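Okay, so here's the structure we're looking at.
Residue numbers (the working numbering): 51 to 287.
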């Protein structure tokens, strides 16, 4: 039986601010530890990379080249400096979504506080890249379309709401899909007897955690890149 409740294990007081150590926080720390360890291993191995790749070097190079092509086709060359962020974001969300396959691990992305945090980073990058590459023109677009006969920026509230809707929709899409999978698996485990739990529920994990997890990772990162490149207007045709 999967527990849907987000449990709090401890409370830390930092300068008078309470920090709750929940299941989401613990799972996030574990995933961060795995990514840091992976990065250290790759860094050590990079020093001994050969001209003719084999084994581990083959895997790393294929992963980097595939993602680089994916980035270049979505955000163009001028925003390639954001590649490290998107690569890290992709791996973090992917491991977070797949962590539900491990016993005792709660999927961090099934907690809205996690997904809204990631979506807010995308929101601030949208504004930053828009101002960087388009300057006052990006801000001016918030008032458009502005008819010549109407000096009052009637469309400003609508455009602002549209901008704010992006992180909200991004966060709820990822959160809703992962939470739905968690709820479905919880119901399925409650319906089947113990001896059948290793057959039918295990097979359904392949969809709700594996397939859906990979798909939602791709959607979140692709939409983030599309919004950012659209704001900067540098996406290549």
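Using N, Cα and C, we set each Cβ at its ideal position, and we do this for glycine too. Quantities reported herein were computed from a predicted structural model and do not represent experimental measurements.
From residue i to residue j, what does the alpha carbon distance come to, in whole angstroms?
i	j	result
residue 176	residue 65	32 Å
residue 183	residue 121	18 Å
residue 59	residue 195	52 Å
residue 85	residue 239	30 Å
residue 268	residue 190	32 Å
residue 115	residue 130	13 Å
residue 123	residue 241	45 Å
residue 56	residue 167	17 Å
residue 73	residue 229	14 Å
residue 237	residue 222	22 Å
From the DSSP secondary-structure annotation, give me the bridge partner or partners of residue i.
i	result
residue 61	70
Within its chain, find whatever has a CB closer than 6 Å to the CB of residue i; leave out the 5 residues flanking it on each side and keep chain order.
i	result
residue 217	169, 170, 173
residue 274	172
residue 179	278, 281, 282
Going by beta carbon distance, what residues of the same chain come within less than 8 Å of residue i, once the five residues before and after it are set aside?
i	result
residue 63	69
residue 95	106, 107, 110
residue 113	none
Using a Cβ-Cβ cutoff of less than 7 Å, which residues in the same chain neighbour residue i once the five nearest sequence positions on both sides are dropped?
i	result
residue 206	192, 193
residue 258	231, 234, 235
Residue i: buried (16+ other C-beta within 10 angstroms of its C-beta) or exposed?
i	result
residue 152	exposed
residue 47	The structure shown does not extend to residue 47, since the chain is modelled only from 51 through 287, so no value can be given for it.
residue 203	exposed
residue 142	buried
residue 127	exposed
Any 3 or more C-beta pairs closer than 8 Å across the region 70 to 84 and the region 97 to 115: No: fewer than three Cβ pairs fall under 8 Å.
Three-pair Cβ contact test at 8 Å for the region 158 to 165 versus the region 128 to 140: The region 158 to 165 is not in contact with the region 128 to 140.
Sufficient close CB pairs (3 or more, under 8 Å) joining the region 137 to 147 to the region 256 to 268: Counting Cβ pairs under 8 Å, three or more are found: they touch.
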